[in-house]
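Peer 1:
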Amino acid sequence: MYYIIAVIVLILDQLWKSAIVKWMEVGQTIPLWEGVFHITSLRNKGAAFGILQGQRWFFIIVTLIVVLGIIYYLQTEGRKNRRISFALSLLLGGALGNFFDRLIRGEVVDSLDFRLIDYPIFNLADVFIVSGVALMILDMWLETRKGQQKQENEKV
Numbered sequence: 033m034y035y036i037i038a039v040i041v042l043i044l045d046q047l048w049k050s051a052i053v054k055w056m057e058v059g060q061t062i063p064l065w066e067g068v069f070h071i072t073s074l075r076n077k078g079a080a081f082g083i084l085q086g087q088r089w090f091f092i093i094v095t096l097i098v099v100l101g102i103i104y105y106l107q108t109e110g111r112k113n114r115r116i117s118f119a120l121s122l123l124l125g126g127a128l129g130n131f132f133d134r135l136i137r138g139e140v141v142d143s144l145d146f147r148l149i150d151y152p153i154f155n156l157a158d159v160f161i162v163s164g165v166a167l168m169i170l171d172m173w174l175e176t177r178k179g180q181q182k183q184e185n186e187k188v
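If you count the sequence shown from 1, you need to add 32 to reach the numbering used here.
1) Between S73, V58, S117, F118, which lies nearest to F146 when the distance is taken from Cα to Cα?
2) Can you name, in chain order, every residue of its own chain whose Cβ lies under 8 Å from the Cβ of G67, other than the five neighbours on each side?
3) Check N185 in the structure and name its three-state DSSP category.
4) Pick out the complete beta strand (DSSP E) segments inside the stretch 53-78, 3 residues or longer, and give them in chain order.
5) Start and end of the alpha helix (DSSP H) containing F118?
6) Let me make sure I understand the geometry here. Which of L167, I40, K77, N185 has the alpha-carbon closest to that of V141?
7) What's the C-alpha gap between W65 and K49?
8) Return the residue from the list Y35, L42, Y34, M33 that minimises the CA-CA distance to V159.
9) Going by C-alpha to C-alpha distance, which of G126, Q87, K187, Q180 sits closest to V39?
10) Which class does D150 belong to by DSSP, given the choice of helix, strand or coil?
11) The ligand NAP and I103: does any heavy atom of the ligand fall closer than 7 Å to the residue's C-beta?
12) Taking R137 as the reference, which of Q46, Y35, A119, Y34 has the closest Cα?
13) Could you tell me the distance, in whole angstroms, from the CA atom of I83 to the CA atom of W173?
So, in structure tokens, the structure goes:
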């Protein structure tokens, strides 16, 4: 099930990026809500916020290691914690989306442009990666809280 989620994430990401590449010029912007949210065609040869520009093979190798680690976890521990496994499936699909961009295009296609908060332009894969990490943090917080409540109940 978790691999299906990852594949759906990957397909959505790649379809969106293919549409951006096909129908927009690099640098072109389409305001959906003027000054708040635009679709802007951009290419990124680095990581988040444009750091480590031109380190394509470094990111390809790191992503492969992360992807293999996620697959190993899902295969060995996936049934034990559904929230973490769901979060990792989002992360896996997003990581593969940016991985294929780097491998095939040599750069990542970015297009989601939130101008209201002057945030760097990003893509759907990034959304799924951040969502997966956020769900993992939420799971850790919930598990910590559950453990604290259990300790309090044992004291009573």
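Positions of the beta carbon are idealized from the N, C-alpha and C atoms, including for glycine.
Being a predicted model, the structure only gives us computed values, none of them experimental.
Peer 2: So, to answer that:
1) Nearest option by C-alpha distance: S73.
2) Taken in chain order, the residues that qualify are R147, L148.
3) In the three-state reduction of the DSSP assignment, N185 falls in the helix class, which pools H, G and I.
4) Runs of the beta strand (DSSP E) inside the stretch 53-78: 61-65, 69-76.
5) Per DSSP, the unbroken alpha helix (DSSP H) holding F118 starts and ends at 114-132.
6) Residue K77 is the option with its Cα nearest to V141.
7) About 20 Å.
8) The shortest Cα separation from V159 among Y35, L42, Y34, M33 belongs to L42.
9) When only C-alpha atoms are compared, the closest one is G126.
10) Of the three classes helix, strand and coil, the one that applies to D150 here is coil, per DSSP.
11) Here there are no bound small molecules, and the ligand NAP is not part of this structure.
12) Of the candidates Q46, Y35, A119, Y34, the residue whose Cα lies closest to the Cα of R137 is Q46.
13) Cα to Cα, the separation comes out at about 30 Å.
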